[in-house]
Amino acid sequence: MNLSAIAIKRPVFTVMVAMALLVLGVVGYQRLGTDLFPDVSFPVASVTIVYPGASPAEIETQISKPIEDAVVSLNGIDRVRSFSREGVSTTVVIFKLDVDIQEAAQLVRERVAQARFKLPKDIEEPVISRLDTGAAPVLVYTLRGKRSLSQIRDFADDVIRPSLEQVDGVAAVNIRGGAEREVKVLLDRARIDALGVQPSQIVAAIRGANLTVPAGRYEQGTREISVRAMGELEAVDTLRDLVVSMARDGSSVRLRDVADVQDAFEDMRTRIRVNNEEAVAFEVVKQSGRNTVEICQGIRTRLATLEKQFPEDLKTSLIMDQSTFIEENAHEVQIAIWFGGAMAILIILIFMLDLRSTLISAVALPTSVVATFFLMYVLGFTLNMMTLLGLSLAIGLLIDDAVVVRENIFKHLERGEPPMEAALNGTKEIALSVLATTLTIVAVFVPVAFMGGIVGQFFRQFGLTVSGAVLVSLFVAFTLDPMLSSRFSKSLEHGAKDPFAWLKRPFEWVFRAMDDSYRGLLGWVVKHKLVVGLLAFGTLIGSGQLMALMGSDFVNPEDRGEMMVEIELPAGTSLDELAVQSLEAEKKLLAHPQIKTLYVTLGPGGEVNKAHYRILTTKKHERSMHIDHIKDEVRAIAKSVPGANVVITDPEFVEGAGVQAPIMILVRGDSYDDIRALADQVAGALQTTVGVTDVQVKFSPGKPEMRVKVDRQRAADQGISVAQVAMTLRTAIEGEEASKLRQGKDEVPIRVQMREEDRASPAELSRLTLWSPRGAVALADIARLEMGEGPQVIEREDRQRQIAVWASPRGRSLGEIVGELMPKIDTLQKPKGTSLAYDGQIEQMNDTNSSMGTALLLAVIFIYLVLASQFESFIHPLTIMMTLPLALVGAILGLFLMDTSMAMGAMIGIILLMGLVTKNAILLVDRAIVRVRENNETPLQAILEAGPERLRPILMTSAAMVLGMLPTALSNGEGSEFRAPMAIAVIGGVVSSTLLSLIVIPALYLAIENAKAWLRARGIVKGDAEPAPAAE
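Counting in full-length UniProt numbering, the final residue of the sequence shown is number 1032, and the numbers go up one at a time with none missing.
Right, dumping it as structure tokens:
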């Protein structure tokens, strides 16, 4: 007894199973999180080592290179990058996507520990961390009030941060802007020289006087008592009175005698401005994999409660909320799902002309969608763009199986069979075809779901959601649909009165005319098979020519109402000068009618000649101006800043993937002169390429630096080492953190450095005193000070120096630009030892094309395996699979007419097509095979009857799929740039495949059958095994 028979004979049981699916689906839906994209894991570890006062070149030689050598041989590494900046080395170890990052980070930690002896002794302790690329800021607020920025920052640190970090799913709350409190001990050079006090003595004295040390324990009777030596400094005045040395006459030298001790603020290297005002901002960073929408809701609720306790003058303002775009995007897709479902049901009603049949078929739609939510919950998915897109594109599919089954049952009812018998026989007759069509869709998406790389991680949830949904719909079609048909149908004997006959009559006339026309067309097709074959071949050639005219991209650019702008002024520009120069540009930008928020970071990462703008515009449905035109106007304003280099990029496509320029070419080598010269050639090639803008060589020109060259012999004669010179200079200029002043829960750094007037020029620095066993020595006596230039940042990858050349496309696809650019790049004169590599979206596009090509090949192979298994034939699956190239014709034509480039969305739509379009051919070929087997008809007779017999279900299911996806294709809401190409490709492919397969498949079927007959007549082959009957 098959599944349908059980369902028909046990209706209560069948209804309870359906109810169980619905209940589980509702429960699963309520527990599903909402996010923009699936959580994609990028295994990255970083090693950060601080070496105060060291130049980028020293950092590279003494720290970055040894760390690279230590970690580069680890298994599973994709690439190693290092960034050597003034005083800090950052080495980023990027692993392949299948590597366990926790284990990898531990291995990096072990390698760094082994290399510790190769590093300078006075570095700060290395910090090895796992970079949580999915931990991204989801909310940004500013805090304003009638008080100083430092006081506002303290309030944010003390009140806001601790409270918001308690919200579930929050990884951190980063406070930006304002200055942090710092106790400055500013040494007077003349006074310390006169009293014979060394800076290192002062540092040691502060450290030694600011301690609480456990001294042990002793027993007193039956009790054990611990002993602690309490010596922590309690206030700045106490610090001023600290004895730091003894004078030559034996008197005490206190800190106030040699230094000015100030309760002040740290030197600012970064500033935050929001809408042209200095501000304090706090960014809420979510934990990787957590629900963005829920976290944002939790933060908003907590902050609303917290604000009731704020002082009256403090107010928060929302700058950025990622959950808004996510919710709007999800809302757009949900509307498309509802509207697409309604349109699919309407099409079924028009074709079947029977309300009862339509309602029975339509039950499959909500049941399948709701049950799929439970599968998504079990698999740990979220309601994101990929899962919702899978459901929206599958709307037409989810009702297909039920429609085909119900339509066949309806035919049996028209023959006068009782409802129970019609339900059983109709389902049994069509079961093989329905099973084959569903399994071909699953066969396409299961390989896609388990592909490697970023594309595989990205589309896993999409593929499994579609596969799960169509499997549920298959189950419903084989159980609930036959049971409802057996209970709520009646025999449709000829002559029976139908009260709605007058309404159906025009449609029936159209369908009869359509059937008659198709019969006539089939008669012509079977007599002109060669012409039909040439026609099909010609359409394929034409579509290939069209594809050559299309552009290609990694992803279609999205209009999220947001852009990132980087402004870089000449090296050596101070932070104050940057702030002044940027201010005029900020005023002009805020005057733009389409710009609502300007969030500016001056000196990001300590690079004080750079400014990062995060610009939020009005929503795209609220403005008539396209985002690209706004970018052009922003670019013009930013370039009005004297000496500015400007790059504009979109927000990162996937959280954690990083903001990168679409066009990135990496120039590598050991000599900076050589790679800089080659980078300039690359930039020249980009500037002469049509459609390229914002070309920038990402190399920080020489930053003015003072070089202190020690005469080793003269220094040795005085008993002074080079390390002593370096440490004295670092304490004088950068300052040294001697200890921390603990006041309540606050820990305030105590920094010892020279007064600004004692370190403001080479002349003043040359007078610095160094002490040795032979007495005091002036720096000028053992070293020469001279001015020079040095890079701000030294970037390395795979143990070579590297310069990146960035650019962005404008009005032209990335693929077209690369096609023109690559021949130019190939002809460049490359200095010996240099090399070029593509990165950014160019690399991602190439990886995506490769992955999608593999997925397409696997889809075709798996479709053949399924069809050959179902039909027990090696030949007829090839007949059916002829629909695949026919589908490409419409997909390419649709994308071309809609002026859409071939990007990730369109490619996944084409892969989806591979599973969809075989459905029509399966229905047609399977019916012809059954007629040959059961009615002893010739292949010609069989196909002439099977075509008109299957015409209506083929057109009905195709129209349902097209109209089900039409809302997605025509959408212009949030995120539509990614979704629409996918739907356009599917709609175009379904239309072309449906129309062409009704002509080409019968001709091909007959041609193959004729060839088999010819071979059998000559005894060359015995013929294929007959297709297996539908499962009992």
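No residue lacks a Cβ here, since even glycine has one placed at the ideal position from N, Cα and C. Nothing here was measured: the structure is a model prediction, and the numbers come from that model.
Nearest to Ile929 by C-alpha distance, out of Ser163, Ile1008, Thr900 and Leu686, is Ile1008.
Judged by pairs of C-beta atoms under 8 Å, the region 99–108 does not touch the region 262–280, as fewer than three such pairs exist. When beta bridges are read from the DSSP output, Leu186 appears opposite Asp260 and Gln753.
Looking at the DSSP output, Val50 shares a beta bridge with Val88. In this structure, the beta-carbon distance from Thr479 to Leu3 falls below 8 Å. Each of Gln800, Arg950 and Ser150 was checked against the Cα of Arg519, and the nearest Cα belongs to Arg950.
Residue state for Glu417 is assigned as coil, using DSSP reduced to three classes. Scanning Lys620, Ile1001 and Leu379 for the CA closest to the CA of Gly33 turns up Leu379. As DSSP reads the structure, Met376 sits in no beta bridge. Taking 8 Å as the cut-off, the beta carbon of Pro651 is found closer than this to the beta carbon of Glu562. With respect to Gly975, Gly894 sits apart: the two C-beta atoms are not nearer than 8 Å.
According to DSSP, residue pairing for Leu139 in a beta bridge involves Val284 and Asp321. With a cut-off of 8 Å on Cβ pairs, the region 539–558 is not in contact with the region 588–607, counting fewer than three such pairs.
Taking Ile782 as reference, the option from Ile794, Thr769 and Glu789 with the minimal CA-CA separation is Thr769. Ala436 places its beta carbon less than 8 Å from that of Leu867. Asn849 carries a helical assignment under DSSP once its states are collapsed to helix, strand and coil. In this structure, DSSP gives Lys698 an extended state, which the three-state scheme calls strand. In the three-state DSSP reduction, Leu996 falls in the helix class (H, G or I). In this structure Leu233 is not in contact with Leu583, their Cβ atoms being roughly 41 Å apart against a cut-off of 8 Å. Assignment of beta strand (DSSP E) within the region 607–675, counting only whole runs of 3 or more residues, yields 610–617, 645–649 and 663–669 in chain order. Counting along the chain, Asp839 sits inside the beta strand (DSSP E) bounded by residues Ser835 to Asp839.
Taking C-beta separations shorter than 7 Å and ignoring five residues to either side along the sequence, the partners of Val710 in its chain run Val722, Val725, Ile782 and Ala783, following chain order. Looking at the backbone, the Cα of Glu60 and that of Gly28 are separated by about 53 Å.
Counting along the chain, Glu795 sits inside the beta strand (DSSP E) bounded by residues Val793 to Glu797.
Residue environment analysis places Glu977 among the buried positions, since at least 16 neighbouring C-beta atoms fall within 10 angstroms of its C-beta.
Around Gly909, the same chain offers Met982, Ala985 and Val986 as residues with beta carbons nearer than 6 Å, after the five sequence neighbours per side are excluded. Note on Ala171: 16 or more other CB atoms within 10 angstroms of its CB, so buried under the neighbour-count rule.
With distances taken between CA atoms, Ile665 lies nearest to Met822 out of Met822, Glu429 and Phe554.
Per DSSP, Lys121 lies in no alpha helix (DSSP H) and is assigned neither H nor E. Per DSSP, Met904 is one residue of the alpha helix (DSSP H) stretching across Met904 to Leu916. Taking the Cα of Arg273 as reference, the smallest distance to any Cα among Ser485, Gly177, Ile911 and Ile615 is reached at Gly177. The residues Val722, in chain order, have a CB closer than 8 Å to that of Arg712 in the same chain once the five nearest residues on each side in sequence are set aside. Assigned with DSSP and collapsed to three states, Thr693 falls in strand.
For Ser226, no alpha helix (DSSP H) segment is defined; the enclosing uninterrupted segment is the beta strand (DSSP E) at Arg223 to Met230.
For Ala536, the enclosing alpha helix (DSSP H) covers residues Lys529 to Leu549. Gly833 counts as exposed, since fewer than 16 other C-beta atoms from the protein chains shown sit within 10 angstroms of its C-beta.
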